[in-house]
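A.B. asks: Residue numbers (the numbering used here), protein chains in the order written: chain L, 8 to 83; chain Y, 42 to 185. Just so you know, even glycine gets a beta-carbon here, dropped at the ideal spot from N, CA and C.
#1: Measure the C-alpha to C-alpha separation of residue 110 (chain Y) and residue 100 (chain Y) and round it to an integer number of angstroms.
#2: What distance in whole Å lies between the Cβ atoms of residue 62 (chain Y) and residue 88 (chain Y), which are believed to be in contact at a cut-off of 8 Å?
#3: Can you tell me whether residue 69 (chain L) is buried or exposed, with buried defined as 16 or more other CB within 10 angstroms of its CB?
#4: Look at residue 176 (chain Y) and residue 103 (chain Y) and say whether their C-beta atoms are less than 7 Å apart.
#5: Using CA coordinates, which residue listed in Y:179, Y:80, Y:66 and Y:170 is at the minimum distance from residue 153 (chain Y)?
#6: By DSSP, does residue 27 (chain L) sit in helix, in strand, or in coil?
#7: Which word fits residue 82 (chain L), buried or exposed, when buried means at least 16 other C-beta atoms lie within 10 angstroms of its C-beta?
#8: Give the DSSP-derived three-state secondary structure of residue 75 (chain L) in the structure shown.
#9: At a cut-off of 6 Å, would you count residue 80 (chain Y) as near the ligand MN, judging by its Cβ distance to the nearest heavy atom?
#10: Which term fits residue 51 (chain L), buried or exposed, when burial requires 16 or more other beta carbons within 10 angstroms of its beta carbon?
#11: Could you check where the alpha helix (DSSP H) with residue 51 (chain L) kicks off and where it finishes?
#12: Secondary structure at residue 184 (chain Y), three-state DSSP: helix, strand or coil?
#13: Whole-angstrom Cβ separation of residue 172 (chain Y) and residue 138 (chain Y), contact assumed at under 8 Å?
#14: Note down the Cα distance separating residue 150 (chain Y) from residue 59 (chain Y), rounded to an integer number of angstroms.
#15: If the criterion is Cβ atoms closer than 7 Å, does the pair residue 28 (chain L) and residue 64 (chain L) meet it?
#16: What are the start and end residues of the alpha helix (DSSP H) that includes residue 122 (chain Y)?
#17: List, in order along the chain, the chain Y residues whose C-beta lies closer than 9 Å to that of residue 75 (chain L)?
#18: Is residue 58 (chain L) near residue 43 (chain L), with beta carbons less than 7 Å apart?
#19: Quick check on residue 69 (chain Y): buried or exposed, where buried means 16 or more other Cβ atoms within 10 Å of its Cβ?
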């Protein structure tokens with residue numbers, strides 16, 4: 008079993024709030040619907056460029072869409 | 042299923058068939074005699090050519106059927122396809138290198154050209170098969 012990526016995301020919530028289908032968002036950011044599904048399900052880590060495109064499609068920052076756990080142990 | 046995944050499946054379906062057909066033809070031609078007496082070169086060329094044609098026919102036919110259901114994504118590929126293709130290529134490379142080392146070892150011991158050529162052929166066939174499996178797993182289970 009392949010472990011899901013540590014990069015979490017809220018694409019689905021943002022997409023539903025924006026009233027976009029997977030196909031529409033995929034077309035906007037220039038990927039196939041299957042790739043967008045894989046990203047939403049954390050089965051594929053998007054490239055930085057694609058992550059920016061997704062965030063920009065919703066008009067928000069990268070941090071609003073993508074998260075990464077703090078593995079350094081330092082509290083912020 | 043995206044275009045590149047269909048191609049990966051087509052290769053995965055065709056390559057084991059090609060391997061089996063080749064082995065059967067070689068054994069048939071040997072007819073119980075020594076394998077080194079088999080005229081393997083035309084057989085190998087025919088099997089490779091047949092495999093390429095079968096893969097193309099399968100992926101084109103599959104693409105036409107898939108295009109009827111989802112005309113949008115028939116021939117499209119994207120960054121994930123390229124990432125998966127690169128990963129599959131790395132897996133394949135390992136087996137080609139092993140076969141190459143086998144060929145060097147066989148040359149060093151003066152093995153018959155039949156074994157040298159077929160070791161390389163087996164390396165290509167196994168690398169295509171394992172690379173195809175890796176690609177399909179990445180498409181189905183994810184690539185992180």
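C.D. replies: The structure says:
#1: Taking the straight line joining both Cα atoms gives about 15 Å.
#2: Their Cβ separation, rounded to whole angstroms, is 6 Å, which keeps residue 88 (chain Y) and residue 62 (chain Y) in contact under 8 Å.
#3: Result: exposed.
#4: It is not a contact, given that the beta carbons lie outside the stated cut-off.
#5: Out of Y:179, Y:80, Y:66 and Y:170, the CA that lies nearest to the CA of residue 153 (chain Y) is found in Y:80.
#6: Residue state, collapsed to three classes: coil.
#7: Residue confidence for residue 82 (chain L) is low, a pLDDT of 46 falling below 50, so the modelled location carries little weight; the figure read from the coordinates is stated next. Using a 10 angstroms sphere on the CB of residue 82 (chain L), the tally of other CB atoms stays under 16, which defines it as exposed.
#8: If DSSP states are grouped into helix, strand and coil, residue 75 (chain L) belongs with coil.
#9: Within the structure as shown, the ligand MN is missing, as the structure has no ligands at all.
#10: Its Cβ being crowded by 16 or more others within 10 Å, residue 51 (chain L) is buried.
#11: From DSSP, residue 51 (chain L) is part of no alpha helix (DSSP H); its letter is neither H nor E.
#12: Residue 184 (chain Y) carries a strand assignment under DSSP once its states are collapsed to helix, strand and coil.
#13: With 8 Å as the limit, residue 172 (chain Y) and residue 138 (chain Y) do not qualify as a contact, their Cβ atoms being about 13 Å apart.
#14: Within the model, the alpha-carbon separation for residue 150 (chain Y) versus residue 59 (chain Y) is close to 29 Å.
#15: With contacts defined by Cβ atoms closer than 7 Å, residue 28 (chain L) and residue 64 (chain L) do not form a contacting pair.
#16: Unbroken alpha helix (DSSP H) run through residue 122 (chain Y): 120-149.
#17: Ordered by position in chain Y, no residue passes the 9 Å Cβ test against residue 75 (chain L), which lies about 13 Å from the chain.
#18: No Cβ-Cβ contact shorter than 7 Å links residue 58 (chain L) with residue 43 (chain L).
#19: Exposed: under 16 other Cβ atoms inside 10 Å.
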